[in-house]
Structures are given as C-alpha cells and as structure tokens.
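The sequence shown maps to residues 419 to 679 in my numbering.
Ideal Cβ placement from N, Cα and C applies to all residues, glycine included.
Bear in mind the structure is a predicted one, so any value in this text is a computation, not a measurement.
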Amino acid sequence: MMLKKWAMLVISFLLVSGISVSPVDRVQAAAKKTEIIVSAAASLQDSLDKIAVQYEKLHPDIDLVFNYGASGTLQKQIEQGAPADLFFSAGDKQMTALIGGGLISENKQLLKNQLVLIVPSNSKTAITTITQLTDKAFKKVAVGQPESVPAGQYAQQSLTAKKVWDTLQNKLVFAKDVRQVLSYVETGNADAGFVYKTDALTSKKVKIALTVGGHVHKAINYPVGIIRESDHQAEAKAFYNYVQTKAAGSIFTSYGFSLAN
C-alpha cells in the first residue's frame, strides 16, 4: 500500500513538473533564436521562401526574416541604415554601389536570369520583336521603374536599343517591382509587360510572348553580399554559404534561374 502511494506521488510530481516546465522551455527556446534579416529582390521570393524552410529545419536556432522589394529601393534602405544582414540583388549596379560605400564585407555572383515579354495567357497576338509594342493592339505596357527596378532598367536598355523607348512613353505603366508588373498583366491593367523568366513561370495567368535577346541589355546577374555592419556575421556567413550549395542551387534552378558558376 505504501509503495502504491509513493508511485502515485511520483506520477503526480512528473505530471505537475511537465506542465509547469514545458511552456518555459518553449519560451526559452524561442528566445534563443537568432533573427537574420535578408533584403532580397522581389523576383527571388518564391525560391528563397522555399530555401528558408529547408534551412530553418537544419538550423532551428535561426529565424530568417525576408524584406522583398526592388533592388534599388533595398539598396537605398541599406545605405540609410535599415537593419539587414544579407543583400540579394537582381543587378550588379546596386551591389556595386554598396561595395563602393564600404557596406558589403563579402559578395559573390550567385545566379543569372532572362528578360521576357509577357502577355495574358488568353492573348492570341503573335510577337516576334519588341518593336511590335508600338502597334495599336498594345495600349498599355508595364515596366519596372528604371530608377529602382533592375528589370525596368533592362527593359529600357532593350527598348532604347530598338529605338522605340521614346515612342512608347505614352503607353508605359511603371511599377515598383517585377511582381507588380506581373500583377498588371495578370489583371488586364496592361496588355504586355517586361519581367524575368522566373516571374513569368510562377503564373498561369500570363505566358511568355518573347524572350528578349541578351545583346540588347546588360547581363542579368544576381549577386549576394554580407552587410558589413551586421550584428550576426557568423550566422549571415552560414546562410551566405548555404545558398551556394547544390541543395539551394537545385531549388533556384527549379524556379528558372541559372547558376552563375
């Protein structure tokens, strides 16, 4: 009988201890997580979100927080002191500016992409050259704001090379990033738009009408860099290294990117 009482007391103690300690353990575990802020070009959102899931499984002590937007906008934020540990740019220009300002401690060319012209998926207009955008069939053409959106800069370079940039001024609808260009074409607010191949592949509401030749615009490179003022240099370096692995590379290529090396 005495043994039974002791057994009941032990069981009761374990139950009470489990209930009281478990929530504290969870809070402590959460408190130990290191938050890594990643500023990245909007065109990388789908691939980086997927990579983050895999990375956080391997590193449960890390919490990856993404700030997606136009590369030029992100560049300005970093220059103005906005918190960031890593920067993924959709163009060399923005990364070069930060390197020149002494704000990047380490960087590498990571990916490449292609500029494409998209139209609504139900469009029956055949396009063989971007000069056709001057036709009456195209009333609105969406492009990223050239001042801050690399895809907009590549579109401007391409249209200028074909001598139709000035002609199209009354038709152009400017967007804050490539995802907004994609949305404009998806919703019918634009008859065509310039985005990256990777963005076009994410939507069933649009189709690629034309791949713009690389000879009419600068190479579309995606460099990644570690912010010099990051408070988490070791953790930032670890993720910087991970996005260069085969595991991450296979995810990037599955979304239409090509690897720089």
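Let me check one thing: in DSSP terms, what residues is Gln527 bridge-paired to?
As a first step, residue 527 is located in the sequence shown; it is residue number 109 there, counting from the start. Per DSSP, Pro641.
Can the beta-carbon of Leu462 be found less than 8 Å from the beta-carbon of Ala470?
Residue mapping note: residue 462 aligns to position 44 of the sequence shown, counting from 1. Residue mapping note: residue 470 aligns to position 52 of the sequence shown, counting from 1. In this structure, Ala470 does not lie closer than 8 Å to Leu462 by Cβ.
Can you tell me which residues form a DSSP beta bridge with Ile536?
Translated into the one-based positions of the sequence shown, residue 536 becomes position 118. Answer by DSSP bridge pairing, in chain order: Gly611 and Ile626.
Relative to the C-alpha of Leu476, which residue among Ser676, Glu653, Asn679 and Tyr673 is closest?
Residue numbering aside, residue 476 sits at position 58 when the sequence shown is read from its first letter. Nearest Cα to Leu476 within the set Ser676, Glu653, Asn679 and Tyr673: Glu653.
How is the beta strand (DSSP E) around Gly562 delimited, first residue to last?
Locating residue 562 in the sequence shown gives position 144, where the first residue counts as 1. Here the beta strand (DSSP E) through Gly562 covers Val559 to Gly562.
Counting only runs of 4+ residues fully inside the region 571 to 613, write out the alpha helix (DSSP H) ranges in chain order.
Counting only runs of at least 4 residues, the region 571 to 613 fully encloses the following alpha helix (DSSP H) elements, listed from N- to C-terminal order: 596 to 604.
Within 10 angstroms of the Cβ of Asp609, are there 16 or more other Cβ atoms? Answer buried if so, exposed if not.
Position 191 of the sequence shown, counted from the first residue, corresponds to residue 609. Asp609 is buried by the Cβ-count criterion.
By the three-class DSSP mapping on this structure, what secondary structure does Leu504 have?
Walking along the sequence shown from the start, residue 504 turns up at place 86. DSSP, reduced to helix, strand and coil, places Leu504 within a strand of the structure shown.
Can you tell me which of the three DSSP states Tyr673 falls into?
Here residue 673 refers to the residue found at position 255 of the sequence shown. The three-state reading of DSSP puts Tyr673 in coil, since its state is none of H, G, I, E or B.
What separation, rounded to the nearest whole angstrom, lies between the Cα atoms of Thr546 and Ile496?
For the purposes of this step, residue 546 is taken as the residue at position 128 of the sequence shown. For the purposes of this step, residue 496 is taken as the residue at position 78 of the sequence shown. Straight-line Cα distance between these residues: approximately 40 Å.
In three-state terms, what does DSSP make of Asn659?
Here residue 659 refers to the residue found at position 241 when the sequence shown is read from its first residue. Correct three-state label for Asn659: helix.
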